[in-house]
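S.K.:
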Amino acid sequence: WFDADLLDAHRQAGGDWPQSRDLWLASPPVKAPNLALQNTGDLKFEDRSAAWGVAADPQVSTAAAFGDLDGDGDLDIVVNNFDAPAAIYENRSSAAKGALKLRLRGSYSNRYGLGARITVEGGGAKQVRFLSAARGFLSCDEPCAVFGLGEADAAERLTIEWPSGQIQVFTAVRGGRA
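Counting from 1, position 43 in the sequence shown corresponds to residue 339 in this note's numbering; the numbering is continuous, with no gaps.
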């Protein structure tokens, strides 16, 4: 399901106008509220934009980047806006207790482990992250991977597949900050 009005407002268009044989591209800067969706399971999402405070000030946002700005173990968000200051959204949840934050230090591949595939298993669930810093226009994430552990204090199994092909496996990895 998509909101056709929202998609049309942000759609780029191109063509030959005014029949000059020169192609043009138009991308209208339309201010719209940011959207935050919470995964409720079974491929269903709930709009939490207002509750989480991200829809208050409509802007032409170009990207969102994630990082632990306040050092409390959970991810905060910085949203870049066109012709306006960036917006910072602090994650005030108390979920950092049940989280595992990983900063990789590569020796053969690259310093931050960019491109690594990280798999965390525990409680019958498997989570996978590909470590990438790139995020939208003029933005990048903190080079780390964060995994929710729920009520558990540790991941049962952690597998890191490095871009070089090397594979490391760890067991009983305690949650917490990097």
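Beta carbons are placed, not taken as given, at the ideal position from N, Cα and C, and that holds for glycine.
This one's a predicted model, so the numbers in the text were calculated from it and none came from an experiment.
(1) If I measure Cβ to Cβ from A451 and keep anything under 6 Å in the same chain, skipping five residues before and after, which residues do I get?
(2) Can you pull the DSSP bridge partners for A421?
(3) What does DSSP give as the partner residues of A328 in its beta bridges?
(4) Is G444 helix, strand or coil by DSSP?
(5) Taking the continuous beta strand (DSSP E) assigned at R470, which residues delimit it?
(6) Would you call the region 338-347 in contact with the region 358-371, where contact means no fewer than 3 C-beta pairs closer than 8 Å?
(7) Would you tell me roughly how many angstroms separate the C-alpha atoms of G420 and R453, rounded to the nearest one?
(8) Would you call D304 buried or exposed, if buried means 16 or more other Cβ atoms sit within 10 Å of its Cβ?
(9) Using a Cβ distance threshold of 8 Å, determine whether the region 421-436 contacts the region 396-411, with at least three qualifying pairs required.
(10) What does DSSP give as the partner residues of N377 in its beta bridges?
(11) Could you check the C-alpha separation between N376 and W458 for me, to the nearest Å?
(12) Which value, in whole angstroms, describes the spacing of the CA atoms of H306 and L434?
(13) Under the DSSP definition of a beta bridge, which residues are partnered with E457?
(14) Report the rounded CA-to-CA distance for P329 versus G402, giving the unit in angstroms.
(15) Can you have a look at G337 and say buried or exposed, based on whether 16 or more other CB atoms are within 10 angstroms of its CB?
(16) To the nearest angstrom, how far is the alpha carbon of V326 from that of Q464?
(17) Give a yes or no on whether the C-beta atoms belonging to I384 and L371 are separated by under 8 Å.
M.R.: So, to answer that:
(1) Within the same chain, A451 has close Cβ partners L396, V416, G418 and V469.
(2) Note: A421 sits in a beta bridge opposite G418.
(3) A328 pairs with Q355.
(4) If DSSP states are grouped into helix, strand and coil, G444 belongs with the strands.
(5) Note, R470: beta strand (DSSP E), I463 to R470.
(6) No contact exists between the region 338-347 and the region 358-371.
(7) Going by C-alpha positions, G420 is about 11 Å away from R453.
(8) Low per-residue confidence applies at D304: pLDDT is 48, beneath 50, and the placement is therefore not dependable, though the value from the model is reported in the following sentence. With fewer than 16 other Cβ atoms inside 10 Å of its own Cβ, D304 counts as exposed.
(9) The count of Cβ pairs closer than 8 Å, one atom from the region 421-436 and one from the region 396-411, reaches three, so the stretches are in contact.
(10) In the DSSP output, where bridge partners are listed per residue, N377 has S357.
(11) Using only the alpha carbons, I get a separation of about 30 Å.
(12) Caution is warranted here: a pLDDT of 48 is assigned to H306, below 50, making its placement in the model unreliable, and the coordinate value is therefore given only provisionally. When the Cα atoms are used, H306 and L434 turn out to be separated by approximately 18 Å.
(13) Its beta-bridge partners are R413 and I463.
(14) Distance from the CA of P329 to the CA of G402, rounded to the nearest whole angstrom, comes to 39 Å.
(15) Burial call: exposed.
(16) Taking the straight line from one Cα to the other gives about 46 Å.
(17) No. Outside cutoff.
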